[in-house]
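J.: Protein chains in written order, with our numbering: chain A, 113 to 534; chain B, 1102 to 1580. Yeah, the Cβ is synthetic: ideal placement off N, Cα and C, and Gly gets one too.
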């Protein structure tokens, strides 16, 4: 019966997003309301109008709420992946256009990923059925060191962009040096020049508006707009850097221009964990990366996430590839197995990325007022043998169905012509 | 020396010649001139120089043991002595003079065997100088041998030890239709690649279906105008190569017949590429074929029948679940990931139940890595596949699932008489896990190869550090 009800509910939401305001109560589970902390046993989580309206232990369910029984199960906020190309890539190799690769674009700063995101990509459903409901997504190659402005998405079927132009990507690793002058010396002089120019413009725009009031202001380019936001502290720079020496340069850059910086990649970040903590720079990394991929990443270790956390650095995780964005959860487990506290790894999947990418007002915790991204798990969510039984995103319960589960069901029992099995 | 002169000893040669001449005279045929030496190709010109590291007799007691054959013993013991497994079963009396490890709460399994690795041929750091895995230039390179490129200093070998990997097959890449010979290794550091070679392991041959060869040769940037450009060209290329190999083998067979008949004949001209392909036709070299799509696999099964050779395994095999019944009938293994898919068109249909569905059909299922990162956590890959299979209604025990990690890989590499299960008499390639290896939190505590402790998590100073990492940031760190 409940299945029927939920199918009706799903059908209703597909007809119109305006009428999905189903009231739902998730009851009886062990809830972690704030990342890995705020444990509530026998939790009643009330959801109305797409939002969480209350979380309490053993709380009553008001009349008219559909009840999802989570007795014996774990309940968490939907997880968030730190750095992906989700919605910007279908098939990366010989599979047509890849919007994540703006390899011919002239203006890396002006790139805006929000225009390119395709919510119909099967990767959205393939990912959310594993309990990951949010992701940072961005273009990750261009003609220069600037990777454009990325977005934060929720993994629903439409209206996926929850924050556009959420950050400006800047690549400062070995590959970027190779591409931008063939040396870090050339790379950094170009980067510094760009920030100095933006600093001058910031100063002169104030002077101009006070002086020549009759001069017609020139319409700023998308790149100018972005740099202005960065200089005003309205948009962080997501800088991908690996080597310790380069990370120290990045810390100096942040201080020199007084900008907000997020460090991505960060192979050797653990070596300067205290400096990063002092500078207030959060780190987004892949905890499974523990080999020297090149001379940029000699000191990589899977112990990095725990070390950074212990030093007071806010950490979030990168999954191993966009199609396997869902494996960001396994990555969190790997970080735990290498010394990161379990609660800190849970934070790194929820509250931390929410804060790092500026969506913590609406997402990241099971608390009244937040969007109802809620996942009911059949066990410890970080365990490789656990999986979700129920996934809600912004209050909408999405069926645990994707292109991959359809293939699974079609071929579970082999017959002559599976194409007829739908 | 290229050829091995089998009858090198003068006395032996004279005796044999006399016998042969007697025969030919009585047959009244060829001629009375003396025959040249019989030429036979040395099949092992780069022999293994592997020797086990020193070990002490060790009894692990009180463990949860998965025997690798699908069996499980709770509260079990295993005795490793002289590099071999001596006994395994429920806890019993402790013999004198052995090192005893109480494994309360911990699990013991056979060492993991990865049938698909490029460690050493695409080592870390992955700089251009180290790109030694694809002999691109022409599409059939049976003369390329992975062991000739293998860098024993790849730090990836030590990371894999920390993941409980005791043996692995290193393959050439998939740019070519025929990529070249693989090499099977014991995961024990050596100074030269021969020091790591698994003694007695047969060679494998890497072949590749589908997108990679046609992309590599169709893009025109390889400095030659080679086929293939399409899947049609791929199959034409395999068939042409096998036809040539058959002709080459016939020529050698004829040479041997004629020589034994007393004729003074010259051997055929040596062809290093065809040596390898002919080795497959003689069933001495096992074919491991990179193949994603079910239809590509179906085509190759018929090519193998046409030229009378055996495909031992399809590698990656993301669509094996679509033809698992046929693969079971043909006795071909599938070496698979738990969940990689989508990065190219031929990987678009990869499902998370591929491994359990292949298992359910009665076909040989193997968990492989093809990755310097994945090789460190193959137990977790098996765990994910097991969980997804169970959720789809395929009832498999953890003990059965371990066959994907050691016995089935050992069979496909032709080393299952030596390793892959915890049977007495087999090499003591064993892992002591900190807990249930189907948990993300569990680590290999000790990795034994031939009874020797090669990696000990709780004694980090004793663990190997490769030359490359000496004096570099992160040397000797917990990884």
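Mind pulling the beta strand (DSSP E) runs of 3 or more residues that sit fully within the region 204-291 of chain A?
T.: As far as the region 204-291 of chain A is concerned, its whole beta strand (DSSP E) runs of at least 3 residues are 244-249, 258-266 and 273-283.
J.: Going straight from the alpha carbon of residue 369 of chain A to that of residue 307 of chain A, what length do you get?
T.: Indexing the first chain from 1 puts residue 369 of chain A at position 257. Indexing the first chain from 1 puts residue 307 of chain A at position 195. The straight-line gap from Cα to Cα measures roughly 7 Å.
J.: Of all the alpha helix (DSSP H) runs that stay within the bounds of the region 428-490 of chain A, which reach a length of 4 or more residues?
T.: Segments of the alpha helix (DSSP H) lying fully in the region 428-490 of chain A: 440-449, 454-459 and 463-468.
J.: What residue from B:1487, B:1218, B:1309 and B:1318 has the CA that sits closest to residue 1288 of chain B's CA?
T.: Along the second chain, one-based indexing puts residue 1288 of chain B at 187. Here the closest residue by C-alpha is B:1218.
J.: Is any beta-carbon of chain A found at less than 8 Å from that of residue 1476 of chain B?
T.: Residue numbering aside, residue 1476 of chain B sits at position 375 when the second chain is read from its first letter. No, residue 1476 of chain B lies away from the interface with chain A (no Cβ there is under 8 Å from its Cβ).
J.: Indicate whether at least one CB of chain B lies closer than 8 Å to the CB of residue 322 of chain A.
T.: The residue given as residue 322 of chain A occupies position 210 in the first chain. Unreliable placement is indicated for residue 322 of chain A, whose pLDDT of 49 sits below 50; no coordinate value is reported for it.
J.: Applying a beta-carbon distance threshold of less than 7 Å, which residues of chain A neighbour residue 1299 of chain B?
T.: Numbered from 1 along the second chain, position 198 holds the residue referred to as residue 1299 of chain B. Near residue 1299 of chain B there are no residues of chain A at all, since even the closest Cβ is about 23 Å away, more than 7 Å.
J.: With a threshold of 8 Å, are at least 3 pairs of Cβ atoms found where one atom belongs to the region 1151-1164 of chain B and the other to the region 1484-1500 of chain B?
T.: Taking 8 Å as the limit for Cβ pairs, the verdict is that the region 1484-1500 of chain B does not touch the region 1151-1164 of chain B.
J.: Are residue 200 of chain A and residue 261 of chain A close, meaning C-beta to C-beta below 8 Å?
T.: Residue 200 of chain A sits at position 88 when you count from the first residue of the first chain. Residue 261 of chain A sits at position 149 when you count from the first residue of the first chain. No. Outside cutoff.
J.: Can you check DSSP and say which residues form a bridge with residue 141 of chain A?
T.: As a first step, residue 141 of chain A is located in the first chain; it is residue number 29 there, counting from the start. Answer is A:155, bridged to residue 141 of chain A.
J.: Please name the residue, chosen from A:389, A:155 and A:288, that lies closest to residue 254 of chain A on a Cα-to-Cα basis.
T.: Taking the first chain and counting its residues from 1, the one referred to as residue 254 of chain A is at position 142. Nearest of A:389, A:155 and A:288 to residue 254 of chain A, Cα basis: A:288.
J.: In this structure, does DSSP put residue 1446 of chain B in helix, strand or coil?
T.: Stepping through the second chain from its first residue, residue 1446 of chain B is reached at position 345. If DSSP states are grouped into helix, strand and coil, residue 1446 of chain B belongs with the helices.
J.: Using a Cβ-Cβ distance under 8 Å, would residue 523 of chain A count as near chain B?
T.: Indexing the first chain from 1 puts residue 523 of chain A at position 411. Closer than 8 Å to some Cβ of chain B, the Cβ of residue 523 of chain A qualifies, so yes.
J.: Distance, Cα to Cα, residue 1548 of chain B vs residue 1455 of chain B?
T.: For the purposes of this step, residue 1548 of chain B is taken as the residue at position 447 of the second chain. For the purposes of this step, residue 1455 of chain B is taken as the residue at position 354 of the second chain. Rounded to whole angstroms, residue 1548 of chain B to residue 1455 of chain B spans 29 Å at the Cα level.
J.: Closest Cβ-Cβ distance between residue 436 of chain A and chain B: below 8 Å?
T.: In the first chain, the residue the question calls residue 436 of chain A occupies position 324. So yes, residue 436 of chain A belongs to the interface.
J.: Since residue 1179 of chain B sits in a beta bridge, which residues does DSSP pair it with?
T.: Within the second chain, numbered from 1, the residue matching residue 1179 of chain B stands at position 78. Partner(s): B:1161 and B:1189.
J.: Just mark residue 528 of chain A as buried or exposed, buried being the case when its beta carbon has 16 or more other beta carbons within 10 Å.
T.: In the first chain, counting from the first residue as 1, residue 528 of chain A sits at position 416. Flag for residue 528 of chain A reads exposed.
J.: What's the gap between the Cα of residue 194 of chain A and the Cα of residue 460 of chain A?
T.: For the purposes of this step, residue 194 of chain A is identified with residue 82 of the first chain, where counting begins at 1. For the purposes of this step, residue 460 of chain A is identified with residue 348 of the first chain, where counting begins at 1. Cα to Cα, residue 194 of chain A sits roughly 9 Å from residue 460 of chain A.
J.: Going by beta-carbon coordinates alone, are residue 445 of chain A and residue 1349 of chain B separated by less than 8 Å?
T.: What you label residue 445 of chain A is simply residue 333 of the first chain in a count that begins at 1. What you label residue 1349 of chain B is simply residue 248 of the second chain in a count that begins at 1. No; because the gap between Cβ atoms is not below 8 Å, this pair is not in contact.
J.: When the Cα of residue 398 of chain A is compared with those of A:391, A:146 and A:436, which residue comes out closest?
T.: Residue mapping note: residue 398 of chain A aligns to position 286 of the first chain, counting from 1. Checked all of A:391, A:146 and A:436; the closest Cα to residue 398 of chain A is A:436.
J.: Counting pairs of Cβ atoms below 8 Å between the region 1451-1471 of chain B and the region 1417-1430 of chain B, do you hit three or more?
T.: Result yes; three or more Cβ-Cβ pairs closer than 8 Å.
J.: Where residue 516 of chain A and residue 1417 of chain B are concerned, what is the direct C-alpha to C-alpha distance, given to the nearest angstrom?
T.: In the first chain, the residue the question calls residue 516 of chain A occupies position 404. In the second chain, the residue the question calls residue 1417 of chain B occupies position 316. Roughly 17 Å separates the two Cα atoms.
J.: Is the CB of residue 1124 of chain B under 8 Å away from at least one CB in chain A?
T.: As a first step, residue 1124 of chain B must be located in the second chain, where it is residue number 23. Note on residue 1124 of chain B: pLDDT 41, under 50, position unreliable in the model; no value is reported.
J.: Can you tell me the Cα-Cα spacing of residue 202 of chain A and residue 1140 of chain B, whole angstroms?
T.: Taking the first chain and counting its residues from 1, one reaches residue 202 of chain A at position 90. Taking the second chain and counting its residues from 1, one reaches residue 1140 of chain B at position 39. Rounded to whole angstroms, residue 202 of chain A to residue 1140 of chain B spans 56 Å at the Cα level.
J.: State the Cα-Cα distance for the pair residue 1169 of chain B and residue 1495 of chain B, rounded to the nearest angstrom.
T.: Looking up residue 1169 of chain B in the second chain gives position 68. Looking up residue 1495 of chain B in the second chain gives position 394. Going by the C-alpha atoms only, they are around 19 Å apart.
J.: Quick check on residue 1419 of chain B - is its C-beta less than 8 Å from some C-beta in chain A?
T.: Counted from its first residue, the second chain places residue 1419 of chain B at position 318. No, no contact with chain A.
J.: Just grab the DSSP bridge partners of residue 350 of chain A for me.
T.: Here residue 350 of chain A corresponds to residue number 238 of the first chain, with the count starting at 1. DSSP, once it has assigned bridges, lists A:281 and A:374 as partnering residue 350 of chain A.
J.: I'd like to know whether the C-beta of residue 402 of chain A is nearer than 8 Å to at least one C-beta of chain B.
T.: Mapped onto the first chain, residue 402 of chain A falls at position 290. It does: the Cβ of residue 402 of chain A has a partner Cβ on chain B nearer than 8 Å.
J.: Confirm, please, whether the CB-CB distance from residue 1310 of chain B to residue 1391 of chain B is below 8 Å.
T.: For the purposes of this step, residue 1391 of chain B is taken as residue 290 along the second chain, with counting starting at 1. For the purposes of this step, residue 1310 of chain B is taken as residue 209 along the second chain, with counting starting at 1. For residue 1391 of chain B and residue 1310 of chain B, yes; Cβs fall inside 8 Å.
J.: What are the start and end residues of each continuous alpha helix (DSSP H) run of 4 or more residues lying completely inside the region 1496-1552 of chain B, in chain order?
T.: Counting whole runs of 4 or more residues, the region 1496-1552 of chain B contains the alpha helix (DSSP H) stretches 1499-1502 and 1508-1514.
J.: Please list the partners that residue 356 of chain A has in chain B, where partner means a Cβ-to-Cβ separation under 9 Å.
T.: Here residue 356 of chain A refers to the residue found at position 244 when the first chain is read from its first residue. The contacting residues are 1574.
J.: If we ignore side chains and look at the alpha-carbon of each, how far apart do residue 311 of chain A and residue 342 of chain A end up?
T.: Against the first chain, residue 311 of chain A aligns to sequence position 199. Against the first chain, residue 342 of chain A aligns to sequence position 230. For residue 311 of chain A and residue 342 of chain A, the distance between alpha carbons rounds to 10 Å.
J.: Give the list of continuous alpha helix (DSSP H) stretches no shorter than 4 residues that lie fully inside the region 374-415 of chain A.
T.: Segments of the alpha helix (DSSP H) lying fully in the region 374-415 of chain A: 385-391.
J.: The beta strand (DSSP E) spanning residue 1314 of chain B covers which residue range?
T.: For the purposes of this step, residue 1314 of chain B is identified with residue 213 of the second chain, where counting begins at 1. Run containing residue 1314 of chain B: none in the beta strand (DSSP E); it sits in the alpha helix (DSSP H), 1312-1319.
J.: Near residue 1564 of chain B, which residues of its chain fall below 6 Å by C-beta distance, leaving aside the five closest residues on each side in sequence?
T.: Counted from its first residue, the second chain places residue 1564 of chain B at position 463. For residue 1564 of chain B, where only same-chain residues beyond five positions count, the Cβ hits under 6 Å are 1556.
J.: Got a sec: is the Cβ-Cβ distance from residue 462 of chain A to anything in chain B below 8 Å?
T.: For this step, residue 462 of chain A is matched to residue 350 along the first chain. Output row for residue 462 of chain A: interface = no.
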